[in-house]
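Contents: one structure, followed by commentary.
Protein chains: 2
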Amino acid sequence: MIEYRNLRVALLGGGSVGAQVAALLLEHGDELANRSGAGLELVGVAVRDLDAERTPAIPKHLLTTNAEELILGADIVVELMGGLEPAREYILQAINSGADVITANKALLATHGPELFEAAEQVGAQLYYEAAVGGAIPIIRPLRDSLAGDRVTRILGIVNGTTNFILDRMDVHHDTLEAALATATELGYAEADPTADVGGYDAAQKAAILASLAFHTTVPLEAVHREGITEITAEQVDAARKAGYVVKLLAICERIAIEGRDGEYGVSARVHPALVPVAHPLAAVHGANNAVFVQAEAAGDLMFYGAGAGGRETASAVLGDLVSAARRHVIGGPGIAESTHATIEVLPMSSVRTRYQITLSVIDEPGVLATIASLFSEHGVSVEAVSQSVSDGKNLASPTATLVIVTHEATESSLATTVAALGSNSVVSSVVSVLRVEGV
Amino acid sequence: MIEYRNLRVALLGGGSVGAQVAALLLEHGDELANRSGAGLELVGVAVRDLDAERTPAIPKHLLTTNAEELILGADIVVELMGGLEPAREYILQAINSGADVITANKALLATHGPELFEAAEQVGAQLYYEAAVGGAIPIIRPLRDSLAGDRVTRILGIVNGTTNFILDRMDVHHDTLEAALATATELGYAEADPTADVGGYDAAQKAAILASLAFHTTVPLEAVHREGITEITAEQVDAARKAGYVVKLLAICERIAIEGRDGEYGVSARVHPALVPVAHPLAAVHGANNAVFVQAEAAGDLMFYGAGAGGRETASAVLGDLVSAARRHVIGGPGIAESTHATIEVLPMSSVRTRYQITLSVIDEPGVLATIASLFSEHGVSVEAVSQSVSDGKNLASPTATLVIVTHEATESSLATTVAALGSNSVVSSVVSVLRVEGV
């Protein structure tokens, strides 16, 4: 057997991912050493309390509550605690003591990414975060390295497994949102407080990370437009299916030509439910799976698919980063700086252009369609298709019809003024639903 | 503007990929420099003759027929000539002169990979080959880095766009193989001599590369079992669709427990047409697209999807490698050795276990099903499902029926003896079709 030098690995956090990372490190140590060119010695796991019941996979003698001491003696620090503090402080401490850092902490990266990358660059350390987006799916490395010579133009990502599970249940089982969420909670796909998931907060953090990486600029979390799935109804999902779409919560990152400034581009990041055509590869992503669809100028359309969460799955991504960090230690030299030195304007939601599906309940009388059509054209929104369903006949005194209108691309701002005008027009009983259409 | 040191890039080959790489290098030079930390100066493109008509994107003053001189002055050599010689010789020359090498040459890697990797390791150079498998799809880097801490157990890849286009036409348009091939040729998806594609040779080269990388061992091209799609009939494709499958040409790489040797594993690589359930993500890969489905112990199921060929698409992968090579030059230090130091036994096709669908034309009389069933069980092959179609009634004197049998997992060798026994049994008029079933 070859003798390798040992690298000291410190784990911060002994939750489900941490326990799996520890177990795999201890179990596959020899294999990992062969692939890294260095032994990976787990020197300790920092936890909040030493009650080992929650972490049976971690040998008791490795557990400690003294994270700072553990960090000081480590070559590689793996942060799996989550949350902003003390995770941020510990990572800065690790970087400044010369360690490479691996983290799965999307909230921290979306909030303090630039500060952490800057600190790493100052001392020539490297920060790895493959596990922060898409769980086991390799997406960070492909964007950072494989597509580094190309120009990414758009990312459409299903990056939150909980909401995909819920929307998939609503589509396949015709569940209500409440019933689907209850099932998700029961099966462990949703947390007791599901706000971070169903409110789109988790997806927004991932959108900020993906946009920053794909466009080589800093896209702050505050600049990500965010809508959750809480307003999505079973009726919308069923109507979407009949019209040839599925409803997905998408994280969308785009490079957009700036209107009126010839040849200049900005970027935008947004999270909201959207209609995706059934033939699109993203429509086939079921259950709690994740997928990231990437469009690049030369590469064309790419998709990365897999389990978006899970302790063992996420541990796979962490261990891939560990091997990379170990290989780098063996070679020596400084880390590769995040190439976010470009400063590209981050555009507000109002400048995004997309298609919309608008469902209206209208008075069923001659001339209504013409009234609606001219209202769209007055606001500069071009209509691609209209379908009208028969009157429901429930109220014979004032019969209504349902109009479903799909627009060509329009800006959010012109759509907003159109919808406002529709709402106040006398032939419109109500604006039933407004959904963006993506991936066409 | 930041001033970077310049790295001298030499291009060998001015075909469709080479021309695109040159064009993108010249067009996006500043962006690539920002991402690499070094300027990428295209110092020349070696071509066989200087007739620039075929390569309008390459400025004439960059063209040369003297590849050896070009290589000597380069920091990074990009080999896009294809073929075994002189590509092999030029790459060795580049490595020995201290350059990093990028290649898209799957034939060369599958045939002489170990020699080239060994040469690179000797001098601390690095060999990049993201473009050799799956065109624009990042698959080499995810296998090499992202999954380096995991254990890949199986790869199912659609890695040849031509055959996927043909089989997809047969499925969707009910074309014959000949008609589908003619369309592929007409649209530029098949070459004048389609043997490398339809015979499975191209896919076998990619299988050897993927298996070597995924299992960290050397899987020689000769060890890859290879069957093409030339025997696939329109009837088989239609019958498969009715039974809930699509026919795909798959490159399959597996880690297999060795029978009778407790705890020991071997690897196997094979290329053949297979039935894939319609619900499997690979079944939705249409046209000339590629996709690689990877199963790993911790990560679970992953899929990588995109354009498998095309000059511009492949150039994207080459440029990603170029940025990686440039970053490495900026940092200094030796390259990362291919971790193929493990020596894992490569198993023959006879030890592969999979499921089979066997279609038989049998004499339509009582007791036939019992005869067939006992014949399977005598050979140790367990039957999962049998369906019998009604007699076709064409020949009333000796009516026949069609039996479609799907087996549980069995070894190739027991299947082969079963099929031989079926063929010589008097109740069997003919063995119509034997296809492997994968991805269940």
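Chains Z and B are the protein sequences, given in the same order.
Each residue of the first sequence is one higher than the last, beginning at 1 in full-length UniProt numbering.
Each residue of the second sequence is one higher than the last, beginning at 1 in full-length UniProt numbering.
The C-beta atom is built at its ideal place from N, Cα and C for all residues, glycine as well.
- Taking B:V47 as the centre and dropping the five residues before and after it, the same chain places the C-beta of G14 and L63 closer than 6 Å to its C-beta, in chain order.
- A residue is called buried once 16 or more other Cβ atoms fall within 10 Å of its Cβ, and B:T343, having fewer, is exposed.
- Under the three-state reduction of DSSP output, Z:P142 falls in the helix class.
- Under a criterion of Cβ atoms nearer than 7 Å, no residue of chain B is adjacent to Z:R154; the nearest Cβ is some 14 Å distant.
- Ranking Z:Y201, Z:A204, Z:F165 and Z:A203 by CA distance to the CA of Z:T185 puts Z:F165 first.
- Contact annotation: in the region 243 to 260 of chain B, no residue has its CB less than 7 Å from a CB in chain Z.
- Burial is judged here by how many other beta carbons sit within 10 angstroms of a residue's own beta carbon; Z:D175 has at least 16 and is buried.
- Taking a C-beta distance under 8 Å as the contact criterion, B:A317 and B:G157 do not qualify as a contact pair.
- Under the Cβ criterion of 8 Å, Z:Y189 is not counted among the residues facing chain B.
- Under DSSP, B:M303 shares a beta bridge with Z:Y305 and B:F293.
- Proximity of Z:G300 to chain B, defined by a Cβ-Cβ separation below 8 Å, is satisfied.
- Closest in C-alpha terms to B:L435, from the list B:H216, B:V219, B:S36 and B:A274, comes B:A274.
- B:A148 is positioned such that its CB atom lies no closer than 8 Å to that of Z:G311.
- Taking the Cα positions, Z:L127 is about 51 Å away from B:K242.
- Within the same chain, G135, A136 and E313 come within 6 Å of B:A307 by CB-CB distance, once the 5 residues on both sides are set aside.
- Counting C-beta atoms within 10 angstroms of its own C-beta, Z:S350 has fewer than 16 neighbours from the protein chains shown and is therefore classed as exposed.
- With contacts defined as CB atoms closer than 8 Å, Z:A269 and Z:A223 qualify as a contacting pair.
- Against Z:L319, the close residues of chain B are A148, G149, D150 and A298, in the order they occur along the chain (beta-carbon pairs closer than 8 Å).
- Contacts with chain Z at 8 Å (Cβ-Cβ) include B:S324.
- Per DSSP, reduced to three states, the secondary structure at B:Q126 is coil, with no helix or strand assignment.
- Within a 10 Å sphere around the beta-carbon of Z:H61 sit fewer than 16 other beta-carbons, which makes this residue exposed.
- Put simply, the CB of B:Y305 is near chain Z, with a gap under 8 Å to one of its CB atoms.
- B:A325 and B:P59 have their C-alpha atoms spaced approximately 24 Å apart.
- Note on Z:L187: under 16 other CB atoms within 10 angstroms of its CB, so exposed under the neighbour-count rule.
- In the DSSP assignment, Z:G423 falls within the unbroken alpha helix (DSSP H) covering E412 to G423.
- Excluding five sequence positions before and after Z:A239, the CB atoms of its chain that fall closer than 8 Å to its own CB belong to T359, V404 and S433, given in chain order.
- The DSSP assignment places 245 to 257 and 265 to 277 as complete runs of the beta strand (DSSP E) inside the region 206 to 285 of chain Z, in order along the chain (cut-off: 3 residues).
- By the beta-carbon neighbour count (other beta carbons within 10 angstroms, threshold 16), Z:V440 is exposed.
- Within its own chain, the residues whose Cβ lies closer than 6 Å to the Cβ of Z:V368, once the five positions on either side in sequence are excluded, are V362 and V427, listed in chain order.
- B:S429 sits in a strand when the DSSP states are folded into three classes.
- Per DSSP, B:Y90 is one residue of the alpha helix (DSSP H) stretching across A87 to N96.
- Z:N6: member of the beta strand (DSSP E) spanning N6 to L12, first to last residue.
- Across the structure, Z:A298 and B:H28 are spaced so that their CA atoms are roughly 12 Å apart.
- No Cβ of chain B is located within less than 8 Å of the beta carbon of Z:S212.
- Assignment of beta-bridge partners to B:A385 by DSSP yields B:V406.
- Among the residues facing chain B, Z:A315 is included, as its CB has a counterpart in that chain under 8 Å away.
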